[in-house]
Amino acid sequence: MAAATLNAPGASFDEFLAAEEAKDLLRFTTAGSVDDGKSTMIGRLLYDSRNVFEDQLESVTKASAGRNAGPIDFSLLTDGLRAEREQGITIDVAYRYFATPKRKFIIADTPGHEQYTRNMVTGASTAELAIILVDARKGLLPQSRRHAYISSLLGLQHLVIAVNKMDLVDYDESVFNKIEADFRQFLSRFQSIEPYFIPISALAGDNVVVRRENTPWFHGATLLEHLESVPAGPRAEHAMFRLPVQRIVRPDLDFRGYAGQIASGAVRPGDPVTIIPSGRTTRVKSIVTFDGELNEARAPQSVTLTLEDEIDIVRGDLISSENAVPAVSRVFDSTVVWFDEQPLDPQKRYRLKHTSHQQWAEVKAIHYRLNINTLDHESADTLEMNAIGSLRIEAARPIYFDSYRRNRGTGNFILIDPVTNATVAAGMIAGAVEEVHAKPRDHAERLKSGPVTPGERTLRYGHRGAVIHLGNRVDLVERLERRLFDRGSTVLVLEKWSESWRGALKNAGLLVIVADGNSADFFLQTFDGDIARELNDLPDDDQQAVEIIYRLLERLQILLGTQSWSESAGI
Amino acid sequence: MLRLNHLQLLEAESIHIFREVAAECQRPVLLYSIGKDSSVLLRLAQKAFYPGPIPFPLLHIDTSFKFREMIEFRDRYTAELGLKLIVHTNRKALDDGAMPFAWGTQRCCGALKTQSLLDGLREGGFDAAIGGARRDEERSRAKERIFSFRDIKGQWNPRNQRPELWNLYNTRIDPGESLRVFPLSNWTELDIWQYIHVENIPIVPLYFAKERPMLVRGDSLISTEQPFIPRLPGEQPKMVRCRMRSLGCSPCTGAIYSDADTVPKIIEELFTMRRSERQNRVIDHDTDGSMELKKQEGYF
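Given below as structure tokens:
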């Protein structure tokens, strides 16, 4: 904390405070192979920029005794958990925070084991810059290539190659030059950004924060100088406005707002916008915040918009700039990194989370698995943990997205295993597969492989077949039908019920709602008969009753394509 | 082009987290601990749901050993904001004589904080508990997720945490399991103070320097608010100008010598301070890595 100097000449403390509060923020990630000295480099960065507290230093100095890394083992400043302190390796992503007089930093520190690709992907997903450590004695290792490729895949704007342990090669310029040349040759094989190469010794402290005499042939900025000077923040050219709606804010009848974090671009009152997926257009009326209405908001601010027209919008919808709208498709191609110990199961349905919505999805094709060392495409039937592959994915309902290259915020997704609830994969969308072409071909394939199955119907409709008996509440039926229909469900309303229809309705997989003037039956039941629930305690208010039934359908996983969301602020 | 500063960026991220919890979890609760981080948490929650109300209750785990001024502040401020406050205390442990000196700090914390928290969450049927913990507070927290998964016993397993990518949070849990959610994960102590300054957020007066009666033991300043603090022979409290850097139970939270009686002075003090925040808390001194042990047992 002492890094900032208080005694800048002529500056009052108030001015100093204002400047402190106006600092920007750079998020970066670090990657290296085992024993490249990454923890030591971060420890050195924190220590030399005076971001280490005395008591932390005392505790580390005590622990450093007998560890063969000098009087202060800098790696102990960052290695967090007991297990890894005992093994001497980092096992997960750890986040570190420090500040200099110029800028604040968040470090996502990720381990370099070959099997931990997923950790680097996680760390890089929120970073703008990556530092890749290379051991000067070992040169370019397979892991270094992997880290560089992942940085490019995750769309980072800046890349730093820090050649460490220069003290162990006598600060030999030719060693550094050789590694730089090798690295540049590798980077030229895929779309990459211009890297910054720097020779350092984390242990001795050369060129991390302070420039030393040991590398007189190096004239570039030190690592910290470089981190302080690269542009931070979202890239300006990706200016299409995108706001995935997280919540409908409706505290009273007079106010209806749409809350979310702006994924890209900027918005001003009066701007014309298109609501996706409905395609309705309107204008932004106001940008509402706790601190008053704004004249402009931009990514990544969290705001609430009100619109000129009353449009039915739900969580998961997207407010887009009027003309530059995102792609809309159920089928898309993507690059996926597999995270789970259970390999990808192409027969299984996964939960897809993208922006603020969740739904079911299936893998339609594995185009290839990437060999990260050679960058070759290999054919594959599955993806194992830490594998990177290209997948065609089909979602139950259309999703609206931009390619990840153009827009990080609307081009990413995760897959969740519906049984273990584990996050099993991270994906970056390459582009849509044209629906009009995709449908007939899929259809033809399925005809060949036999009759339509209940599972296929469920995936298409986004719900299982069930019957909901609502006694004599005809108005409630109408409202529930509207609510379900608007979410894309296939609903059938009946004025009376006959058991003789059950078989046919079961095959059709529909959601059936029944209200009979003479009935007092309130319950729901799946046609498969595995789920049945009484609905005796529904409130008199129809709208409230609709919400309760709707959520129950979600909770029982009869509605599959949607997720729980609370429309009113009162939960 | 307008650039967002670090506080605006952190605020935007925290608001997004709050809204995700409210949208995806069935019964969230905000764990309110009365300290400065909780004050910031409340302000961010207000912002996330404005112009609507905060859509979940507050839960305070009261050990009964909190500073008087904390409880006064809690009752006044939550009433002022019109929030629903649930206070939970492990009465049984207190009846059994739980207190830090007779039981030892670890065991006392285990009963009055950890167990009490788990009981409070279970009794309320809460599936998501939003807390003010920050990753910069302690080494074992550096790896904590923003949405942290707890098993059916409320326990944390560092090897069984879900990867978190971009701003996509996996909130799926089975019945009985729960999530702890930390919207302030990426904030530092300094960020918190700067935000309190910029936003003019009310905090407990114990954070500000004042003459207070204290037992002075080496570098430690111990409050005499609880009558059961054992005295050394002939020991008398002295009036010391001091303040609290973090708030907890009065017998186990050390004060620091300080003249900082305004928020800017506290920030100025932080820039010259050479000790980390939790160092004043007695609870972290039991064993190296003790926070990690507490977390695995279910402590926040």
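These protein sequence lines are chains A and B, in that order.
In terms of the working numbering, the first sequence opens at residue 127 and continues consecutively.
In terms of the working numbering, the second sequence opens at residue 9 and continues consecutively.
Note that the Cβ used here is the ideal one computed from N, Cα and C, for glycine as well.
Can residue i be considered in contact with the ligand MG, in the sense that its beta carbon sits closer than 6 angstroms to one or more heavy atoms?
i, result
"residue 607 of chain A", "Summarising the ligand content, the structure contains no ligands, and the ligand MG is consequently not present."
Which residue comes first and which comes last in the alpha helix (DSSP H) that contains residue i?
i, result
"residue 245 of chain A", "243-251"
"residue 201 of chain B", "197-207"
"residue 633 of chain A", "628-634"
"residue 456 of chain A", "From DSSP, residue 456 of chain A is part of no alpha helix (DSSP H) but of the beta strand (DSSP E) over 453-464."
"residue 108 of chain B", "108-111"
Taking C-beta pairs closer than 7 angstroms, name the residues in chain B that residue i reaches, listed in chain order.
i, result
"residue 523 of chain A", "Neighbours of residue 523 of chain A on chain B: none; closest Cβ ~18 angstroms, over 7 angstroms."
"residue 253 of chain A", "Within chain B, no residue comes near residue 253 of chain A; the closest Cβ sits about 11 angstroms away, beyond 7 angstroms."
"residue 89 of chain A", "One cannot answer for residue 89 of chain A here, as it falls past the ends of chain A, which runs 127 to 697."
"residue 498 of chain A", "In chain order: nothing, as chain B lies at least about 18 angstroms away."
What do you reckon, are the CB atoms on residue i and residue j nearer than 7 angstroms?
i, j, result
"residue 116 of chain B", "residue 106 of chain B", "yes"
"residue 354 of chain A", "residue 222 of chain A", "no"
"residue 38 of chain B", "residue 138 of chain B", "yes"
"residue 234 of chain A", "residue 219 of chain A", "yes"
"residue 73 of chain B", "residue 257 of chain B", "yes"
"residue 407 of chain A", "residue 253 of chain A", "no"
"residue 309 of chain B", "residue 191 of chain B", "Nothing about residue 309 of chain B can be read from this structure; chain B reaches only from 9 to 308."
"residue 540 of chain A", "residue 474 of chain A", "no"
"residue 255 of chain B", "residue 43 of chain B", "yes"
"residue 334 of chain A", "residue 202 of chain A", "no"
"residue 610 of chain A", "residue 640 of chain A", "no"
If you reduce the DSSP assignment to three classes, tell me which class residue i lands in.
i, result
"residue 445 of chain A", "strand"
"residue 101 of chain B", "helix"
"residue 652 of chain A", "strand"
"residue 571 of chain A", "For residue 571 of chain A, the pLDDT reaches just 42, beneath the cut-off of 50, and the residue's location in the model is therefore unreliable, although a value from the coordinates is still provided. Residue 571 of chain A falls in the helix class under three-state DSSP."
"residue 96 of chain B", "strand"
"residue 154 of chain A", "strand"
"residue 616 of chain A", "coil"
"residue 508 of chain A", "coil"
"residue 230 of chain A", "strand"
Just reading off the beta strand (DSSP E) that residue i is part of, what are its end residues?
i, result
"residue 368 of chain A", "368-370"
"residue 516 of chain A", "514-527"
"residue 553 of chain A", "549-558"
"residue 261 of chain A", "255-261"
"residue 31 of chain B", "Note, residue 31 of chain B: premise wrong, no beta strand (DSSP E); alpha helix (DSSP H) at 14-32."
"residue 666 of chain A", "Note, residue 666 of chain A: premise wrong, no beta strand (DSSP E); not H, not E."
"residue 308 of chain A", "First-last for residue 308 of chain A: 299-313, but that is the alpha helix (DSSP H), not the beta strand (DSSP E)."
"residue 250 of chain B", "246-252"
Could you tell me whether any Cβ in chain B is nearer than 7 angstroms to the Cβ of residue i?
i, result
"residue 375 of chain A", "yes"
"residue 147 of chain A", "yes"
"residue 549 of chain A", "yes"
"residue 220 of chain A", "yes"
"residue 538 of chain A", "yes"
"residue 553 of chain A", "no"
"residue 427 of chain A", "yes"
"residue 683 of chain A", "no"
"residue 144 of chain A", "no"
"residue 628 of chain A", "no"
"residue 141 of chain A", "no"
"residue 614 of chain A", "no"
Can you pull the chain A residues whose beta carbon is under 8 angstroms from the beta carbon of residue i, in chain order?
i, result
"residue 54 of chain B", "416"
Using a C-beta cutoff of 7 angstroms, does residue i count as contacting chain A?
i, result
"residue 153 of chain B", "no"
"residue 202 of chain B", "yes"
"residue 31 of chain B", "yes"
"residue 90 of chain B", "no"
"residue 174 of chain B", "yes"
"residue 263 of chain B", "no"
"residue 191 of chain B", "no"
"residue 27 of chain B", "yes"
"residue 138 of chain B", "no"
"residue 178 of chain B", "yes"
Could you name the residues of chain A that residue i contacts, counting a contact when the two beta carbons are closer than 7 angstroms?
i, result
"residue 196 of chain B", "223"
"residue 144 of chain B", "223"
"residue 94 of chain B", "Under the 7 angstroms cutoff, chain A gives no residues; its nearest Cβ is about 15 angstroms from residue 94 of chain B."
Residues of chain B with CB under 8 angstroms from residue i, in chain order?
i, result
"residue 671 of chain A", "Those do not exist, as residue 671 of chain A stays about 18 angstroms from chain B at its closest Cβ, beyond 8 angstroms."
Listing by chain order, which chain B residues have their CB less than 9 angstroms from the CB of residue i?
i, result
"residue 316 of chain A", "Neighbours of residue 316 of chain A on chain B: none; closest Cβ ~21 angstroms, over 9 angstroms."
Using a Cβ-Cβ cut-off of 7 angstroms, state whether residue i counts as contacting chain D.
i, result
"residue 272 of chain B", "Absent from the structure: chain D. Protein chains present are A and B."
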